[in-house]
Amino acid sequence: MDSHICKQAFLNGDTEKSNQVFGDERVVELGEASQKDPRIQSRQEQAFETSAEEMIALIASTSSDETLTQPVKQISYKEKLLAAKNRKLAGDPRAAAATTTQPLQSNRGL
Numbered sequence: 112m113d114s115h116i117c118k119q120a121f122l123n124g125d126t127e128k129s130n131q132v133f134g135d136e137r138v139v140e141l142g143e144a145s146q147k148d149p150r151i152q153s154r155q156e157q158a159f160e161t162s163a164e165e166m167i168a169l170i171a172s173t174s175s176d177e178t179l180t181q182p183v184k185q186i187s188y189k190e191k192l193l194a195a196k197n198r199k200l201a202g203d204p205r206a207a208a209a210t211t212t213q214p215l216q217s218n219r220g221l
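Here is the structure:
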């Protein structure tokens with residue numbers, strides 16, 4: 112069965128026709144052969160074991176770490192402006208370079 116026909120049948124809601132390809136004996140043999148292949152089995156076991164070890168390590172690290180429960184303090188925009196102003200007053204060249212541009216004057220009063 113053509114993949115285009117299977118896809119069209121699936122999109123039209125005909126799941127029986129779209130799943131006919133999985134009933135083919137060659138597809139069944141391919142699935143059974145992949146389950147018997149030792150290389151595929153070892154890769155699946157390694158992936159599962161790695162995942163389990165990573166999960167155990169993650170659970171152990173989060174249960175002992177109390178800093179995760181505390182909210183992270185973020186600097187507000189007002190605090191950033193105050194820090195930049197303080198740097199400018201202290202003679203920091205970074206702050207002076209950032210504030211050298213002057214705002215444009217409005218012509219409304221003319």
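If you want the working numbering, it's the 1-based position in the sequence shown plus 111.
Backbone N, C-alpha and C define an ideal beta-carbon position, used for all residues, glycine too.
Just so it is clear, the structure is predicted and the values come from calculations on it, not from any experiment.
query: Have a look at ALA201 and LYS184 and give me their C-alpha separation to the nearest angstrom.; result: 26 angstroms
query: Between the alpha carbons of LEU169 and GLU160, how many angstroms are there, rounded?; result: 14 angstroms
query: Alpha carbon to alpha carbon, what distance is there between GLN131 and CYS117?; result: 8 angstroms
query: In the structure shown, what three-state DSSP assignment does GLN155 receive?; result: helix
query: Would you identify the three-state DSSP class for LYS184, choosing helix, strand or coil?; result: coil
query: What is the rounded straight-line gap between the Cα of ALA158 and the Cα of ASP125?; result: 35 angstroms
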